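Sequential numbering of the sequence shown, starting at 385, is according to our numbering. Some notes on the structure that comes next.
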Amino acid sequence: MSLTITKYEQIWVDGLNRGDVSGADEAFAANCIIHMAGAPDPNLSVSEFKELVSGLLTAFPDLHIAVNDQIVSGDKVATRWTAIGTHTGSLGDSPPSGNKAKFEGLILDRLVEDQVVERWEQWDQMGMLQQIGVV
C-alpha cells in the first residue's frame, strides 16, 4: 500500500527538504496558529513558526524529512514524520557538533479550504539535543 500525502503537507515538506520555509505561505492560512510543545512561545504565528524552522534548517542544512503516516478524517489530518540531518550549523548558542541526528514528530492539523488554520505539533526535541551533544 502506498502512502498518499495531502497536497499542503507535500508542499511544506518538499520546501523543507530544499532548505526553504516559503512553502508555509501556501500550506498555512495567514491567521494560522501553530501550537508547538517545547517552543519558547507555544502558540506561534506562521511567521514565528517559519523563523523557528529556519533556525533548525540553519543548524541542519542537510535536513531531510519523510512523512511516515498520514490519516485524514473530516477537517483533521494527523501526520507522523521522521527527520535526519547533520548538525553543521549553530543551533542558538550551541556551536556545530558535526553529529548526525534522527528525530520524529507528530502533527495534528485542522484545515479550512485545503490550508492549515491550526496545528498542534510535538517532536522529540530532547532526543535531538542529546544526539548533537547539547544535553
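Heads up, the beta-carbon is just placed ideally off N, CA and C, and yes, glycines get one too. A quick note: this is a predicted structure, and the numbers were derived from the prediction, not measured.
The beta carbon of GLN506 lies closer than 7 angstroms to those of ALA421, GLY489 and LEU490 in the same chain, with the five residues before and after it left out. Contact between ASP493 and VAL461 is confirmed by a C-beta separation of about 5 angstroms, below the 8 angstroms threshold. Shown here for ASP459: same chain residues with a beta carbon closer than 8 angstroms to its own, the five before and five after excluded, namely ARG494, LEU495 and VAL496 in chain order. Remark: C-beta atoms of VAL405 and SER438 approach each other more closely than 8 angstroms. Note on the segment 422-492: whole alpha helix (DSSP H) runs with a minimum of 4 residues are 430-443, in chain order. Where VAL397 is concerned, the enclosing alpha helix (DSSP H) starts and stops at 391-401. For ALA413, the closest alpha carbon among the candidates LEU447, PHE433 and GLN509 is that of PHE433. If you draw a 10 Å sphere on the C-beta of MET512, you find 16 or more other C-beta atoms in it, and that means buried.
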